[in-house]
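**Student:**
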Amino acid sequence: MKILIADDHELFLNGLEFVLSAEFNDSQIITVKNYVEIFEQLQKQNDFDLIVTDLAMPGANWLQALEKIHGLAKDTPIVIISAVFDNKILQKTLEIGVAGYIPKSSSNKLILSAIHLVLAGGVYIPQEMLSDKTDNQDVSQEMNKLKTLDENNETKTEKKLTPRQIEVVRAIGKGLSNKLIAYQLGLTEGTVKVHITVILKILGVTNRTAAVIEAVKQGYINKEDAYL
408 MKILIADDHE
418 LFLNGLEFVL
428 SAEFNDSQII
438 TVKNYVEIFE
448 QLQKQNDFDL
458 IVTDLAMPGA
468 NWLQALEKIH
478 GLAKDTPIVI
488 ISAVFDNKIL
498 QKTLEIGVAG
508 YIPKSSSNKL
518 ILSAIHLVLA
528 GGVYIPQEML
538 SDKTDNQDVS
548 QEMNKLKTLD
558 ENNETKTEKK
568 LTPRQIEVVR
578 AIGKGLSNKL
588 IAYQLGLTEG
598 TVKVHITVIL
608 KILGVTNRTA
618 AVIEAVKQGY
628 INKEDAYL
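Residue 408 is where the sequence shown starts when you use our numbering, and the numbers rise one by one after that.
Listed below in structure tokens is the structure:
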């Protein structure tokens with residue numbers, strides 16, 4: 408595994424490198440201290456499995472920087488670990504395509520759990536960063552379901568898809584991207600990603616195609632809804 412870590416605080420950067428090295432023994436970890444160095448690394452080698460970055464760093468505006476990183480990194484998951492605690496910023500990062508937002512105050516155990524979730528294709532959002540808006544309540548409910556599934560080790564037959572999750576599966580079956588699903592259902596792209604993470608967990612599958620097939624088998628959607 409190849410990981411790129413960026414933070415302008417050397418003490419935190421070194422600590423995070425140590426934690427990730429211990430967790431992923433065979434990993435190659437590259438550390439940088441600002442956005443410019445991230446851009447340089449991605450332009451030289453675009454084969455990272457994970458990018459972990461601070462938000463407020465020298466070299467560029469964070470919003471423009473994340474958009475550029477997302478463009479350069481293509482499908483590489485991006486995780487933010489930041490002391491910035493703002494719901495509007497969280498929403499913006501999810502819309503860009505960030506897969507995880509972790510407070511710097513989090514324990515090592517929580518950071519590693521969140522990173523494992525992201526590497527498995529999920530999205531991590533800390534509970535305390537969700538506001539009372541309808542869409543964020545939707546995300547909160549989904550993350551709580553995911554937590555319950557993990558804690559109780561429930562199987563796909565013990566948990567049922569909600570009406571909203573069925574709408575998402577049906578849209579996936581029609582071949583819609585996350586962005587189009589979000590537009591169609593009036594959600595953010597980040598919320599759609601969270602829904603999909605929970606759907607995969609409930610159905611006991613690991614990808615979108617398998618989720619649609621399993622949803623047809625279990626009668627959640629009709630074969631006509633699945634253009635596979």
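Idealized CB from N, CA, C, for every residue including glycine.
Please check the pair isoleucine 485 and threonine 460, which I expect to be a contact at CB under 8 Å, by giving their CB distance rounded to whole angstroms.
**Tutor:** Right, the Cβ-Cβ distance comes to about 7 Å (below 8 Å), so this counts as a contact.
**Student:** State the DSSP-derived secondary structure class of alanine 413, mapped to helix, strand or coil.
**Tutor:** Reduced to three states, the DSSP call for alanine 413 is strand.
**Student:** According to DSSP, simplified to helix, strand and coil, what is valine 459?
**Tutor:** Note: valine 459 maps to strand in three-state DSSP.
**Student:** Could you spell out where the beta strand (DSSP E) holding serine 489 opens and where it closes?
**Tutor:** Its beta strand (DSSP E) spans residues 485–489.
**Student:** Terminal residues of the continuous alpha helix (DSSP H) containing glycine 580?
**Tutor:** It spans 570–580 - the alpha helix (DSSP H) in which glycine 580 sits, taken as one unbroken run.
**Student:** Quick check: the Cα distance between lysine 563 and histidine 416, rounded to an integer number of angstroms?
**Tutor:** With a pLDDT of 40 at lysine 563, under the threshold of 50, the predicted position of this residue should be treated as unreliable, though the coordinate-derived value follows. In a straight line, the C-alpha of lysine 563 is about 43 Å away from that of histidine 416.
**Student:** Please check if any C-beta of chain D sits within less than 7 Å of the C-beta of alanine 578.
**Tutor:** The chain labelled as chain D is not found in the depicted structure, where only one protein chain is given.
**Student:** Going by DSSP, which residues form a beta bridge with threonine 438?
**Tutor:** According to DSSP, threonine 438 bridges with Ile412.
**Student:** Once you ignore the five residues that flank lysine 630 on each side, which residues in its own chain have a CB closer than 7 Å to its CB?
**Tutor:** So the qualifying residues of the chain are Val623.
**Student:** Closer than 8 Å by C-beta to leucine 583: which residues in its own chain qualify, once you throw out the five before and the five after it? Chain order, please.
**Tutor:** Excluding positions up to five away in sequence, the list reads Gln591.
**Student:** Using 8 Å for Cβ pairs, my map puts threonine 595 next to glutamine 498. What's the rounded Cβ distance?
**Tutor:** About 7 Å separates the two Cβ atoms, so the contact holds.
**Student:** Isoleucine 437 and glutamate 424: beta carbons closer than 7 Å?
**Tutor:** No, the Cβ-Cβ distance between isoleucine 437 and glutamate 424 is not below 7 Å.
**Student:** Would isoleucine 518 pass as a contact of isoleucine 509 if the rule is Cβ separation under 7 Å?
**Tutor:** Yes, Cβ-Cβ distance for isoleucine 518 and isoleucine 509 is below 7 Å.
**Student:** Residues bridged to proline 510 by DSSP?
**Tutor:** Ser489, per the DSSP bridge assignment.
**Student:** Classify tyrosine 590 as helix, strand or coil using the three-state DSSP reduction.
**Tutor:** The answer is helix: DSSP assigns tyrosine 590 an H, G or I state.
**Student:** Mind checking which residues open and close the alpha helix (DSSP H) that includes threonine 598?
**Tutor:** 596–610 is the extent of the alpha helix (DSSP H) around threonine 598.
**Student:** List the whole-angstrom C-beta distance separating threonine 483 from phenylalanine 455, where the pair is believed to meet the contact cut-off of C-beta under 8 Å.
**Tutor:** Contact flag correct, Cβ pair sits at about 5 Å.
**Student:** If we ignore side chains and look at the alpha-carbon of each, how far apart do leucine 462 and valine 505 end up?
**Tutor:** When rounded, the distance between both Cα atoms is 11 Å.
**Student:** Quick one: residues in its chain with C-beta nearer than 6 Å to the C-beta of glutamate 430, no 5 flanking neighbours on either side, listed in chain order?
**Tutor:** Hits under 6 Å: Leu519.
**Student:** Let me make sure I understand the geometry here. Which of Val426, Gly580, Ile532 has the alpha-carbon closest to that of phenylalanine 492?
**Tutor:** For phenylalanine 492, the nearest C-alpha among the options comes from Ile532.
**Student:** Whole angstroms is fine: what's the gap from alanine 578's alpha carbon to leucine 568's?
**Tutor:** Alanine 578 and leucine 568: Cα-Cα distance of roughly 14 Å.
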